[in-house]
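Chains as they are written, first to last, in numbering that gives the first Met the number 0: chain A, 0 to 187; chain B, 0 to 187.
Protein chains: 2
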Amino acid sequence: MKELSEHIKSFLSISEDKLTIITEKFVQKNFPKKEHLLRSSDRVREVYFILSGCVRTYVYDVNGAEHNITFSMENWWFGDLQNFVNGSPASHNIQALEDTTALTISKQNWDFLLQEIPEFANYTRILFRNTMFAHENRILQNISFTAEERYQYFLKQYPNLSQRISQKHIASYLGITPEFLSMLRRKK
Amino acid sequence: MKELSEHIKSFLSISEDKLTIITEKFVQKNFPKKEHLLRSSDRVREVYFILSGCVRTYVYDVNGAEHNITFSMENWWFGDLQNFVNGSPASHNIQALEDTTALTISKQNWDFLLQEIPEFANYTRILFRNTMFAHENRILQNISFTAEERYQYFLKQYPNLSQRISQKHIASYLGITPEFLSMLRRKK
DNA sequence: AGCATTTCTTAAACTACTTTAATTTTATTC
DNA sequence: GAATAAAATTAAAGTAGTTTAAGAAATGCT
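In structure tokens:
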């Protein structure tokens, strides 16, 4: 649980007592590689703070093809946060790309912490803000960057991840074909 | 103010008294065509509910080129909502594309309504959720649609707007050159 | 109303990216 | 550890989108 405490403290100051109350509400779970943690239209029962491993979040386009929206790795939050909070059905799919260990929290405990610990409410607001910021940044990149520039940015944003996951998943994230990504990599 | 009341009521049920308290906190303002309502790094003093006209929200890329992120028209909210709420400096630029009339609300009054009127807090949560949903949808479109498909979707999402604003702004929103948009339109 | 400026269109040449398909390399499974 | 499946590479041909440039149309300005 230390990782989660550290993550919270990196954004705001909070007493150790309150951190204990928060971390007690989380349960550690393991997901083997390839397992689906969530499929779209499922009820969103929990969200995750990842301790080890990595996952991809993807959606289907109108033709039924998968597109990766985000990857998540150590010390990142992931999950269909919006639909979790709203109690609406999932719009995302989430799949482990490695054997993954994560802390999970139920809606009930989440709501309890929101009410009881103002710092937790603040923290979640920061999480949402960061997500929103990342989304806007990505929209800008998609309309203003070439595939190569997006790939370079990916390498920065997700250090080492390119060695851990398959290139077809990176290509899907970038919105290009695996063949073209392969070509971009050769050029360097 | 009727438009704003109707907009709120379209998402949740609320008493007329509370609606009156809410709408009293808004001030109507006019912005002539071409005027900037916000520039990045400005302090975000207000957000807007638009009664007539339209505006564009744009950002600069690393090369200093402008890219339109959203358009807003009658009965839409706009403004740099995230940075307004957080008190952080603007990351967006906003410019009127037509003579525009909008209701504006200050941070002070916004915070007052959030505290006093639970329905308003709920309403703003819905606004954020919709924005987030729209962003994710746009990311998916950018990585999975062709320019022509994005243009068709734009026409649906912003009915009649294509007759009101210049094509170069639409091209910028779609992430293509005005010349290519012109070609797409001819084809039909 | 008339001149200047901006926007739109067209077309030709170019570049970024896709498709298809065959081959090699890497991972998975029994 | 061999067999099978999945992923990555390469290359050729095709398509989507850009660039440049020049003329036409629309808009803004006094």
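Don't be surprised by glycine CBs; every beta carbon is placed ideally from N, CA and C. Just so it is clear, the structure is predicted and the values come from calculations on it, not from any experiment.
Thinking C-beta only, is residue j closer than 8 Å to residue i?
i, j, result
"L54 of chain B", "H66 of chain B", "Note on identity: in this sequence residue 54 of chain B is Val, with Leu being the wrong assignment. Contact: no."
"K122 of chain A", "L11 of chain A", "Per the sequence shown, residue 122 of chain A should be read as Tyr rather than Lys. Contact: yes."
"H91 of chain A", "T56 of chain A", "yes"
"F70 of chain B", "I164 of chain B", "yes"
"S40 of chain B", "E73 of chain B", "no"
"L139 of chain B", "F153 of chain B", "no"
"N129 of chain A", "R128 of chain B", "no"
"A95 of chain A", "F48 of chain A", "no"
"H131 of chain A", "M131 of chain B", "In the sequence on display, residue 131 of chain A carries Met and not His. Result yes, Cβ atoms of M131 of chain A and M131 of chain B sit closer than 8 Å."
"L220 of chain B", "W76 of chain B", "Nothing in the structure corresponds to residue 220 of chain B, since chain B is present only between 0 and 187."
"E97 of chain A", "K167 of chain A", "no"
"I169 of chain B", "S161 of chain B", "yes"
"K28 of chain A", "A133 of chain A", "no"
So with CB distances below 9 Å, who are the chain A contacts of residue i?
i, result
"A64 of chain B", "S143"
Can you list the residues of chain A that residue i reaches, using a CB-CB cut of under 7 Å?
i, result
"N85 of chain B", "R128"
"D60 of chain B", "L139, S143"
For a contact defined as C-beta to C-beta under 8 Å, what are the partners of residue i on chain B?
i, result
"I138 of chain A", "I68, H134, R137, I138, N141"
"G174 of chain A", "N141, I142, S143"
Mind listing the chain A neighbours of residue i? Cutoff is C-beta to C-beta under 8 Å, in chain order.
i, result
"Q81 of chain B", "R128, M131, F132"
So what does DSSP say about residue i, is it helix, strand or coil?
i, result
"L145 of chain B", "Contrary to the premise, residue 145 of chain B reads as Thr rather than Leu in this sequence. Three-state result, T145 of chain B: coil."
"Y57 of chain A", "strand"
"L96 of chain A", "coil"
"W75 of chain A", "coil"
"T130 of chain B", "helix"
"T123 of chain A", "helix"
"N67 of chain B", "strand"
"N29 of chain A", "strand"
"D110 of chain A", "helix"
"S87 of chain B", "coil"
"P117 of chain B", "helix"
"F10 of chain B", "coil"
"Y152 of chain A", "helix"
"K24 of chain A", "coil"
"D16 of chain B", "helix"
"P158 of chain A", "coil"
"N136 of chain A", "helix"
Taking the DSSP output, what are the residues bridged to residue i?
i, result
"I104 of chain A", "A:V46"
"S51 of chain B", "B:T100"
"H35 of chain A", "A:Q94"
- Task: Examine the Cβ distances between the stretch 12 to 25 of chain B and the stretch 62 to 82 of chain B and report whether three or more of them are shorter than 8 Å.
- Result: no
- Query: Using 8 Å as the threshold, is the stretch 99 to 115 of chain A in touch with the stretch 39 to 55 of chain A, meaning 3 or more CB pairs across them?
  - Reply: yes
- Query: Would you call the stretch 115 to 134 of chain B and the stretch 140 to 154 of chain A in contact, with 3 or more CB pairs under 8 Å?
  - Reply: Short answer: they don't touch.
- Would you say the stretch 27 to 39 of chain B touches the stretch 122 to 138 of chain B, given that touching needs at least three Cβ pairs under 8 Å? In short, these stretches do not touch, since the Cβ pair count stays below three.
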